[in-house]
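Residue numbers (the working numbering): 7 to 277.
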């Protein structure tokens, strides 16, 4: 939840040089940030042109840069969302800002390693774009879906008639916050102490706190600008950026009180 940008206990770079570069024939752009787990780097890619909207989820060997497996089935589209990994589960969104029916995917990375191909556990089609990157906590995946609001999924697919979770099955939506009340959910959420924190962009302009188990609202703080940044939690405080790079807020994670507001003078990114 602190979003320090590095794995705990990881070593600093020692050479300061490029070890390897990964690319592929069907890759044009990487919008996402990678997820590094053990000796694997997981990343989504994009290739969007006039008559092509294609993306992929790739697993790369961290030592050599060799592609171990790739998922691009089901017409997976050019993607902005960054993957989140916990155990055997990789969860990520799909699409770019103008995608109006983007999906959320869950990949079984253990079976993908064994079969050397991406194995889908489930996917779910939303009614908007999914530029948010998910947060995985306590067997659940939390993710924003643009103007379709905010979702909480179980990591395992819905069981079949025999009670078995079968790859390629149906996603289990545990709760959903409607986009009419929670518009433009672009931020990557954070989960801490049983609560989920996320921001609302254009049309919402707020910082939201909801119960992680059932999705019930805890508090909502209106902001003077749209909130697109991802929150972090440290020492009982919630940190959020907002606007176009000219506001930074620090709010009590529990009390819904803005403690400090720092404004940077000068032109915004939009100007």
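The beta carbon of each residue, even a glycine, is placed where N, CA and C say it ideally should be.
Identity of the residue in the options nearest residue i by Cα
| i | options | result |
| --- | --- | --- |
| residue 32 | 24, 41, 20 and 53 | 53 |
| residue 220 | 191, 57, 181 and 114 | 181 |
| residue 40 | 231, 154, 88 and 161 | 88 |
| residue 107 | 137, 122, 117 and 229 | 137 |
| residue 240 | 205, 151 and 198 | 198 |
| residue 200 | 124, 242, 126 and 70 | 242 |
| residue 24 | 63, 64, 30 and 69 | 69 |
| residue 142 | 61, 97 and 36 | 97 |
| residue 91 | 121, 132, 139 and 164 | 139 |
| residue 163 | 184, 112 and 132 | 112 |
| residue 105 | 130, 135 and 122 | 135 |
| residue 207 | 19, 245, 230 and 170 | 230 |
| residue 114 | 172, 130, 131 and 21 | 172 |
| residue 12 | 26, 21, 22 and 42 | 42 |
Per DSSP, the bridge partner or partners of residue i
| i | result |
| --- | --- |
| residue 228 | 212 |
| residue 113 | 96 and 126 |
| residue 217 | 201 |
| residue 143 | 146 |
| residue 131 | 109 |
| residue 196 | 203 |
Limits of the beta strand (DSSP E) - the one that residue i falls within
| i | result |
| --- | --- |
| residue 65 | 58-67 |
| residue 55 | 46-55 |
| residue 122 | No beta strand (DSSP E) holds residue 122; DSSP gives it neither H nor E. |
| residue 77 | 73-77 |
| residue 179 | 179-183 |
| residue 283 | Because the chain in this structure spans residues 7 to 277, residue 283 falls outside the shown range and cannot be described. |
| residue 147 | 146-150 |
| residue 157 | 156-160 |
Contact check, residue i vs residue j, beta carbons under 8 Å
| i | j | result |
| --- | --- | --- |
| residue 216 | residue 202 | yes |
| residue 212 | residue 233 | yes |
| residue 49 | residue 99 | no |
| residue 75 | residue 119 | yes |
| residue 110 | residue 57 | no |
| residue 192 | residue 152 | yes |
| residue 84 | residue 128 | no |
| residue 209 | residue 189 | yes |
| residue 77 | residue 63 | yes |
| residue 95 | residue 161 | yes |
| residue 248 | residue 236 | no |
| residue 79 | residue 124 | yes |
| residue 38 | residue 73 | no |
| residue 133 | residue 154 | yes |
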